[in-house]
Amino acid sequence: MNKAINLIVFLFFNLIFVNSVSFAQEVKIDLYINDINVRPDSKPYISETSRTMVPISFVANEFKFDVKWNAKDKEVIITKNAKEVKLYIDSKYAYVDNQRVEIDPGKSTAVVIKNGRTMVPVAFVAKTFDVEVGWVAYPRGGGIVKFYSKDYVKP
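Following the numbering used here, the residues of the sequence shown are numbered contiguously, the last one being 446.
(1) Report, in whole angstroms, the separation of the C-beta atoms of LYS374 and ILE368, which I expect to be a contact under 8 angstroms.
(2) In the structure shown, what three-state DSSP assignment does ASN361 receive?
(3) Between ILE347 and VAL387, is the Cβ-Cβ spacing less than 9 angstroms?
(4) Grab me the residues of GLY432's own chain with a C-beta within less than 6 angstroms of its C-beta, minus the 5 sequence neighbours each way, in chain order.
(5) Residues in the same chain with beta-carbon distance under 7 angstroms from SER338, minus the five sequence neighbours each way, listed in chain order, please.
(6) Look at the Cβ atom of LYS437, then the Cβ atom of ILE324, and state whether they are nearer than 9 angstroms.
(7) Measuring alpha carbon to alpha carbon, tell me which of SER333, TYR379, ASP326 and ASN372 ends up nearest ASN406.
(8) Start and end of the alpha helix (DSSP H) containing ASN352?
(9) Going by DSSP in three states, ALA385 sits in which element: helix, strand or coil?
(10) Determine the direct distance from the alpha carbon of VAL424 to that of VAL376, and round the result to whole angstroms.
(11) Excluding sequence positions up to five away, which residues of its chain have a Cβ less than 8 angstroms from the Cβ of VAL416?
(12) Residues in its own chain within less than 8 angstroms of ASN328 by CB, not counting five upstream and five downstream?
Right, dumping it as structure tokens:
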């Protein structure tokens, strides 16, 4: 009898888990930089920590930051004027002008590689690079991320 109950409980939880995974959908996230729709070669996504993740090299290049990849240390180095940011793959921390900062305080979000691109949370981009960010949600999930440089004049 106990085996039968255990089997039913096991099948019930597996059925719920399998169905929740199989029905999960990727949400659409559009990126705009200074009101221009841009299409990075790696799609933004929502992380397990509910953060919108974007490809940092694409965003940095759009804002004319210098980006270098150090494969040996799995490190991304981004510079603009006198500011230097070092990101490390699978780390929850970055170095901004040689000071250690948490990528996403309290959420444990790490820098990751997805589809061959280094992905970071939108909020980290905004705070670290002094970029204004806006979010417009779509009714069924996902939305629009709008990045604005400080010198951009909105129409």
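All C-beta atoms, glycine included, are put in the ideal place defined by N, C-alpha and C.
To lay it out plainly:
(1) Here residue 374 is taken as the residue at index 83 of the sequence shown, counted from 1. Here residue 368 is taken as the residue at index 77 of the sequence shown, counted from 1. The pair is not a contact, with the Cβ atoms about 11 angstroms apart (cut-off 8 angstroms).
(2) The sequence position of residue 361 within the sequence shown is 70, counting from 1. In this structure, ASN361 counts as strand in the three-state DSSP scheme.
(3) Numbered from its first residue, the sequence shown carries residue 347 at position 56. Numbered from its first residue, the sequence shown carries residue 387 at position 96. The answer is no: Cβ separation not under 9 angstroms.
(4) One-based indexing of the sequence shown puts residue 432 at position 141. Correct list, in chain order: VAL318.
(5) Position 47 of the sequence shown holds residue 338. The answer, listed in chain order, is MET344 and THR400.
(6) Taking the sequence shown and counting its residues from 1, one reaches residue 437 at position 146. Taking the sequence shown and counting its residues from 1, one reaches residue 324 at position 33. Contact: yes.
(7) Within the sequence shown, numbered from 1, the residue matching residue 406 stands at position 115. It is SER333.
(8) Stepping through the sequence shown from its first residue, residue 352 is reached at position 61. 347 to 353 is the extent of the alpha helix (DSSP H) around ASN352.
(9) Indexing the sequence shown from 1 puts residue 385 at position 94. Note: ALA385 maps to strand in three-state DSSP.
(10) For the purposes of this step, residue 376 is taken as the residue at position 85 of the sequence shown. For the purposes of this step, residue 424 is taken as the residue at position 133 of the sequence shown. Using only the alpha carbons, I get a separation of about 19 angstroms.
(11) Residue numbering aside, residue 416 sits at position 125 when the sequence shown is read from its first letter. Excluding positions up to five away in sequence, the list reads VAL345, ILE347, VAL350, VAL422, VAL424 and PHE438.
(12) Counting from 1 along the sequence shown, the entry for residue 328 is found at position 37. Hits under 8 angstroms: ASP321 and LEU322.
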